[in-house]
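In full-length UniProt numbering, the protein residues as written are 1 to 373.
Every residue, glycine too, gets a C-beta built ideally from N, C-alpha and C.
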């Protein structure tokens, strides 16, 4: 017969007592103090999954100078700054980001030409910012092919994920996906594309070069075929936020003259501490009627402001849009935060402030379009 010591008996009693208490707690934890059923607590996160609500024709764009990268000292700081901007673009569903050069023409011309593998964090800050933003916008399963190892991206892996609706996981279903072509079939019947799901999908009748990023529509979860569509289709047909495009231009005025939308931007906001307070802008009734707006643009200046960008722009000089007249380049000249406590607001901070401050206006545009659908 085994010998049981006092110590082992004490341990057994404590263990049994703990199990009884745990069992009692599990039976009563759903009850309130008076014995009534405790109300169900919904801990789900509705914001965790983007919910489209019909097609969206209107777009939101922002423009900012690449010189904000030059203001950061180390490579890590430059990368982190780009990540801050990218997070703002994703959170506020920005469709297009334009990076313009606010340096004078002479400085631009002195820069060396950019090679495919050149490190540009210090020599070409505009290119560096565009490179980082393009990388972060791309779904993770496409990055290895579309973005080979590069010095510009060496610390990009430390940045927070954007986790946008088109950054789908392998176990998530969506009728649209981003993919990359692998090869055209030998019989000419179509092109295979990797969309981040088990097995390739076939785009019938298409002959698309390998390693091309494409947006596809899937028929159903089991179908092995897909249809190539425009990158704008998920937004226009179903209302999905489908990431942002990245555009570079040489001057401030090129932001407008090289606009990819027919008819240009319908309303533009220039941001400056010398602008009209945001609250006063919203109080006025002179803003364009929201249903007539299709393309909204918000422009941010660099360290020296939009006035310096205009001074270095030959077109602005020719038009006389200098100093206080810079505001004539925009429909609205706005001060995002009157009475700021810091001497300056950094551009990456202004992007968050501007998108948040103008959010009510953007939402009003969206509601007006929904009502007129």
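| Check | Outcome |
| --- | --- |
| N- and C-terminal bounds of the beta strand (DSSP E) containing residue 228 | 226 to 229 |
| 4 or more residues per run - each alpha helix (DSSP H) lying fully within the region 199 to 284 | 254 to 257 and 278 to 283 |
| Sub-8 Å separation of residue 190 and residue 202 beta-carbons | yes |
| Contact under 8 Å by Cβ, residue 330 with residue 299 | yes |
| Check whether residue 306 and residue 334 have beta carbons under 8 Å apart | no |
| Residue 175, DSSP secondary structure in three states | coil |
| Validate contact between the region 88 to 97 and the region 140 to 151 using beta carbons, cut 8 Å, 3 pairs | no |
| Nearest-angstrom Cα separation, counted from residue 66 out to residue 96 | 15 Å |
| Range of the contiguous beta strand (DSSP E) that encloses residue 63 | 59 to 65 |
| Residue 100, DSSP secondary structure in three states | strand |
| Between the CA atoms of residue 246 and residue 58 - distance to the nearest angstrom | 17 Å |
| Coarse secondary structure for residue 195, derived from DSSP in three states | coil |
| Ranges of the alpha helix (DSSP H) found wholly within the region 131 to 190, counting only runs of at least 4 | 140 to 146 |
| Residue range of the unbroken alpha helix (DSSP H) whose run includes residue 315 | 314 to 319 |
| Own chain partners of residue 295 with C-beta closer than 6 Å, once the 5 adjacent residues on each side are dropped | 59, 261, 265 and 266 |
| Length at least 3, wholly inside the region 73 to 130: the beta strand (DSSP E) runs in chain order | 96 to 100 |
| From 206, 225 and 101, residue whose alpha carbon lies closest to that of residue 302 | 101 |
| The region 227 to 246 in contact with the region 201 to 216 per 3-pair CB rule at 8 Å | yes |
| Whole beta strand (DSSP E) elements within the region 306 to 359, 3-residue minimum | 332 to 335 |
| Short Cβ contact (8 Å threshold) for residue 148 with residue 181 | no |
| Boundaries of the beta strand (DSSP E) in which residue 299 is found, first to last residue | 295 to 299 |
| C-alpha gap between residue 342 and residue 193, whole angstroms | 51 Å |
| Simplified DSSP assignment, three categories, for residue 54 | coil |
| Where residue 303 falls: helix, strand or coil (DSSP) | coil |
| DSSP-derived helix/strand/coil call for residue 373 | coil |
| Closest residue to residue 223 among 162, 173 and 354 (Cα-Cα distance) | 173 |
| Length of the line joining the Cα atoms of residue 218 and residue 227 | 7 Å |
| Whole-angstrom distance between residue 122 and residue 346, CA atom to CA atom | 19 Å |
| Among 256, 361, 279 and 220, nearest to residue 177 - alpha-carbon criterion | 220 |
| Within 8 Å, strictly: CB atoms of residue 196 and residue 139 | yes |
| C-alpha gap between residue 185 and residue 158, whole angstroms | 38 Å |
| Residue 84 versus 314, 280 and 160, residue with shortest Cα-Cα distance | 160 |
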